[in-house]
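See below for the structure under consideration.
Residue numbers (this note's numbering): 1 to 627.
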């Protein structure tokens with residue numbers, strides 16, 4: 001059918017430009033759909049468009065349709081005005097085009113058609129009529145089709161179209177099998193069981209490892225039990241421990257090879273002829289001359305509870321042609337390795353009383369050099385070490401109950417640490433080459449310096465007390481340099497002169513009075529992208545805060561202000577705050593009870609302050625829409 005104001009195309013997968021074949025009053029009256037979805041397009045000229053979205057068309061039905069404005073007149077005539085050809089043409093075109101467009105929409109549909117539930121449009125050669133779907137197939141108003149019961153007859157089924165996949169399991173019964181029609185070819189190999197044969201018990205089942213045994217009537221399916229077992233492969237086996245003396249023939253002549261592992265020969269059996277009683281009893285009663293020699297590689301004494309514990313006798317160290325005799329003292333005790341003349345072999349000898357050096361001395365053992373580290377590791381190869389390197393340390397890695405000396409080869413700092421490295425007077429020690437420290441470990445990695453000797457001979461701590469009446473003549477009292485001042489200054493008196501801080505100073509929530517500040521700055525807590533969700537502003541990180549809102553809703557919280565009755569405030573430089581939803585804490589009191597309208601693209605400067613420890617925050621916008 002031809003249309004007055006409609007072009008219909010089928011996309012071919014490559015073409016994006018299409019002709020507009022009908023006139024129109026305005027380009028705004030032309031629309032395009034692709035498979036019923038609005039498409040975007042540009043005009044090449046009044047007779048051609050290019051579709052921009054969808055970007056790739058392939059198979060879609062494209063409808064380029066004119067929709068002249070039906071809601072208002074395009075020409076409004078006024079009394080006394082001149083009638084022009086242009087106005088008359090425009091007025092008539094509007095009516096004419098509307099009539100064409102209405103005809104396009106109504107021409108294909110029968111005017112008597114009614115949208116009755118489950119009816120469909122079917123063409124009769126002239127137009128489409130609304131009809132009810134009846135017969136073999138029905139349809140719902142959701143478009144679901146269904147084949148009626150018993151509608152498929154033999155005439156609807158092609159010859160040889162039904163095969164085994166269309167039969168329900170067990171659906172073919174005896175009545176559907178003709179007599180004398182089950183042949184040998186129809187019976188699978190091994191398909192007929194014993195239960196189907198009259199000679200076998202009706203309860204027959206091929207249970208694994210069962211055998212068939214006749215009972216005088218038929219064969220029964222039984223399990224083999226008793227002394228003999230059988231596998232489903234026919235392998236029989238004699239059960240463990242079932243052969244008794246009565247089962248063995250008296251003249252069976254059992255050979256030595258039948259003894260476990262075959263390690264005892266018939267010849268060795270013959271040696272038992274002289275045994276007159278229990279062999280163990282006779283071995284215990286061995287007297288001098290009965291056993292002449294036992295080789296040391298076979299002589300072992302084992303623990304009676306654990307035979308993996310052994311004592312082996314070794315005589316390879318005895319001089320050739322000599323005999324060494326062990327003589328035991330007339331008392332009970334423990335024989336230890338090295339107990340005869342030397343303690344070298346015993347790694348942990350113990351004294352039973354006072355040690356008499358017998359005029360000799362016990363020599364201190366120097367171990368290998370130790371490199372200073374944090375912590376410094378104390379080796380076990382001696383009790384006197386040279387400590388090399390310049391790395392300071394505040395702890396040592398050492399076993400408990402060690403007594404050792406360190407000689408320092410260079411300058412480093414030992415830092416006092418209560419419970420780890422206890423130093424004299426609790427003061428750090430700056431070592432010098434030649435200094436020697438004496439240490440003990442009261443527990444693992446717990447070390448105390450019990451003595452420290454400087455190479456210069458000076459004491460570690462020199463005290464000078466100046467009484468009120470001391471007179472200094474021709475002496476210069478120089479203020480000492482203050483370096484690495486740490487810890488807490490408790491109730492200081494006097495005056496601290498000009499000093500340069502080499503690190504951070506923590507006030508500890510104490511009051512500083514009569515202070516003049518210049519050239520100072522505040523630490524900025526640069527949060528960066530908030531990322532959505534909850535973002536906390538922690539005042540311990542700085543009283544100058546910067547952040548950027550760039551993703552979803554953001555909720556700010558404030559934490560760690562100073563104590564009540566102290567003014568605490570911070571400045572927030574917020575970028576793009578108006579681009580997303582920003583939620584402020586409910587404790588913020590804004591001017592006029594209204595939060596400022598933030599800038600969507602730019603920087604806002606906001607200030608917040610509290611005097612009650614954060615119970616109530618005051619908020620104000622200092623500057624909005626900064627560049």
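The C-beta atom is built at its ideal place from N, Cα and C for all residues, glycine as well.
Are the Cβ atoms of residue 353 and residue 374 separated by less than 9 Å?
-> no
At which residue ranges does the region 203 to 270 contain complete beta strand (DSSP E) runs of 3 or more residues, listed in the order of the chain?
-> 210 to 214, 219 to 223, 228 to 230, 236 to 238
Residue 402: which of 457, 607, 448 sits nearest, CA to CA?
-> 448
Candidates 358, 431, 406, 405: which alpha carbon is nearest residue 412's?
-> 431
Applying the criterion that 16 or more other CB atoms from any shown protein chain within 10 Å of the CB defines a buried residue, is residue 66 buried or exposed?
-> buried
Name the one or two DSSP bridge partners that residue 43 has.
-> 49
Beta-carbon proximity check, residue 238 vs residue 222, cutoff 9 Å | no
Residue 65, enclosing beta strand (DSSP E) - first and last residue | 58 to 66
Pull up the distance between the alpha-carbon of residue 338 and that of residue 258, whole angstroms please.
-> Unreliable positioning characterises residue 338 in this predicted model, as indicated by a pLDDT of 48, which lies under 50. The coordinate reading is nonetheless provided below. Rounded to whole angstroms, residue 338 to residue 258 spans 48 Å at the Cα level.
Should the region 48 to 60 be regarded as contacting the region 81 to 100, the criterion being three or more beta carbon pairs within less than 8 Å?
-> no
Hey, would you say residue 230 sits closer than 9 Å to residue 207, going by beta carbons?
-> no
Is residue 130 near residue 119, with beta carbons less than 9 Å apart?
-> yes
Is the region 166 to 176 in contact with the region 144 to 155, if contact means three or more CB pairs nearer than 8 Å?
-> no
Residue 300 in three-state terms, based on DSSP = strand
Residue span of the alpha helix (DSSP H) that contains residue 539, given as start and end = No alpha helix (DSSP H) contains residue 539, which DSSP labels as neither H nor E.
So what does DSSP say about residue 575, is it helix, strand or coil?
-> strand
Return the Cβ separation of residue 587 and residue 616 in integer angstroms, given the expectation that the two are a contact with Cβ distance under 8 Å.
-> 6 Å
Under the three-state reduction of DSSP, which class applies to residue 616: helix, strand or coil?
-> coil
Keeping to the same chain, check which residues put their C-beta closer than 6 Å to that of residue 538; ignore five residues upstream and five downstream.
-> 559, 560
Per-residue burial, residue 610 [other beta carbons within 10 Å of its own, 16 or more giving buried] = buried
Classify residue 53 as buried or exposed, calling it buried when 16 or more other Cβ atoms lie within 10 Å of its own Cβ.
-> exposed
So which of 549, 577, 540 has the shortest CA-CA distance to residue 568?
-> 540
Please classify residue 614: is it buried, with 16 or more other beta-carbons within 10 angstroms of its beta-carbon, or exposed?
-> buried
Between the Cα of residue 436 and those of 245, 596, 455, spot the shortest distance and give me the residue it belongs to.
-> 455
Does the region 24 to 42 touch the region 58 to 73, meaning 3 or more C-beta pairs lie closer than 8 Å?
-> yes
Coil, strand or helix - residue 104 by DSSP | helix
For residue 557 versus residue 530, is the C-beta spacing smaller than 9 Å?
-> no
Host beta strand (DSSP E) of residue 584 (start-end) = Segment: none, residue 584 is in no beta strand (DSSP E) and carries neither H nor E.
Between 379, 553, 4, 104, which lies nearest to residue 24 when the distance is taken from Cα to Cα?
-> 4
Would you call the CB atoms of residue 363 and residue 381 closer than 9 Å?
-> no
Taking the continuous beta strand (DSSP E) assigned at residue 406, which residues delimit it?
-> 403 to 408
Local Cβ density within 10 Å of residue 105, reported as buried at 16 or more and exposed below that | exposed
For residue 369, three-class secondary structure by DSSP | coil
Does DSSP classify residue 448 as helix, strand or coil?
-> strand
Pair within 9 Å by beta-carbon distance, residue 570 and residue 545 = yes
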